Amino acid sequence: QQQVKQSPQSLIVQKGGISIINCAYENTAFDYFPWYQQFPGKGPALLIAIRPDVSEKKEGRFTISFNKSAKQFSLHIMDSQPGDSATYFCAASFGNEKLTFGTGTRLTIIP
Amino acid sequence: NAGVTQTPKFRILKIGQSMTLQCTQDMNHNYMYWYRQDPGMGLKLIYYSVGAGITDKGEVPNGYNVSRSTTEDFPLRLELAAPSQTSVYFCASSYGTANYGYTFGSGTRLTVV
Chain A
1 QQQVKQSPQS LIVQKGGISI INCAYENTAF DYFPWYQQFP GKGPALLIAI
51 RPDVSEKKEG RFTISFNKSA KQFSLHIMDS QPGDSATYFC AASFGNEKLT
101 FGTGTRLTII P
Chain B
1 NAGVTQTPKF RILKIGQSMT LQCTQDMNHN YMYWYRQDPG MGLKLIYYSV
51 GAGITDKGEV PNGYNVSRST TEDFPLRLEL AAPSQTSVYF CASSYGTANY
101 GYTFGSGTRL TVV
């Protein structure tokens with residue numbers, strides 16, 4: 001049962017461009033939506049997170065956009081750099097319970 | 001600060017063998033988790049623990065066992081290894097619930113042949 005659907009599976013973006021990764025969820029009880037970043041050979045690391053009481057959260061070049069009515073949220077990476085090349089996971093949880101992860105997006109930034 | 005340490009980093013097992021994946025954290029986190037990562041499938045929760053002496057099943061617990069005798073250690077036991085258990089295994093910990101953020105180890109790549 002896939003409670004958090006993530007797309008695309010892979011993404012190639014030119015340096016300086018905007019990378020956009022989308023996630024959709026089914027459980028309306030979810031109340032915490034983080035994004036994790038994973039480099040090859042490493043474990044995932046928390047990148048940015050949002051709660052459903054706000055529609056957008058920005059940290060540097062990374063922004064989460066949240067659409068509660070559509071049950072969707074997305075990660076935008078502005079001015080994408082080669083160092084942003086990694087696998088990105090969206091996730092969700094409710095009631096302070098454990099995270100449910102999406103399937104991941106492999107992002108490649110090309111010069 | 002070591003964070004979450006997993007050993008071994010790589011292992012090849014024969015079908016039917018058993019092994020223990022070790023996980024230790026030095027952050028005094030109460031919550032610990034075991035995930036497996038398969039290509040295109042994301043991270044699936046195997047087992048988790050909310051404190052010493054307390055463990056619970058996740059999404060994919062079959063073929064695995066865990067114990068939590070101390071706050072620091074959360075070993076994952078594979079009994080009678082099967083090819084379907086070929087995966088990358090990640091241990092994670094958090095101070096409290098999911099909202100505190102998970103700290104992951106660097107993973108154990110296991111191949112069952």
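Residue numbers (the working numbering), protein chains in the order written: chain A, 1 to 111; chain B, 1 to 113.
Glycine included, C-beta positions come from ideal geometry on N, C-alpha and C.
It should be emphasised that the depicted structure is a prediction, and the values quoted were computed from it without experimental measurement.
Taking Thr103/A as the query, report the chain B residues whose CB atoms sit under 8 Å from its CB, ordered along the chain.
Here the neighbours are Gly40, Met41, Gly42.
Write down every uninterrupted run of the beta strand (DSSP E) in the stretch 46-103 of chain A whose length is 3 residues or greater and which is fully enclosed by it, in chain order.
For the stretch 46-103 of chain A, the continuous beta strand (DSSP E) assignments of 3+ residues that do not extend past its boundaries occur at 56-59, 62-67, 72-77, 86-92, in sequence order.
For the stretch 50-65 of chain A, which residues have a CB atom closer than 8 Å to at least one CB atom of chain B, in sequence order?
Taking 8 Å as the upper bound on Cβ-Cβ separation, chain B lies near no residue of the stretch 50-65 of chain A.
Can you give me the Cβ contacts of Gly58/B inside the same chain, cut-off strictly under 7 Å, excluding the 5 residues immediately before and after it?
Annotation for Gly58/B: Leu45, Ile46, Tyr47, Tyr48 place their beta carbon closer than 7 Å to its own, counting only its chain and skipping 5 residues before and after.
Per DSSP, what kind of secondary structure is Asn22/A in: helix, strand or coil?
In this structure, Asn22/A counts as strand in the three-state DSSP scheme.
If contact is defined by three or more beta carbon pairs under 8 Å, each pair taking one atom from either stretch, is the stretch 73-84 of chain B in contact with the stretch 91-109 of chain A?
No, the stretch 91-109 of chain A does not touch the stretch 73-84 of chain B.
Starting from the beta carbon of Ala98/B, find every residue of chain A whose beta carbon is closer than 7 Å, and list them in chain order.
Per Cβ cutoff of 7 Å: Tyr32, Ser93, Asn96, Glu97, Lys98, Leu99.
What does the alpha-carbon distance come out to for the pair Tyr32/A and Thr70/B?
Tyr32/A and Thr70/B: Cα-Cα distance of roughly 29 Å.
For Ser69/B, does the three-state DSSP call read helix, strand or coil?
Assigned with DSSP and collapsed to three states, Ser69/B falls in coil, not helix or strand.
May I ask you to report which of helix, strand or coil DSSP gives Tyr102/B?
Coil.
Give me the residue from Arg68/B, Arg109/B, Pro8/B with the minimum Cα distance to Asn30/B.
Ranking the options by Cα distance to Asn30/B, first place goes to Arg68/B.
Cβ contact (3+ pairs, closer than 8 Å) linking the stretch 46-59 of chain A and the stretch 18-26 of chain A
No, the stretch 46-59 of chain A is not in contact with the stretch 18-26 of chain A.
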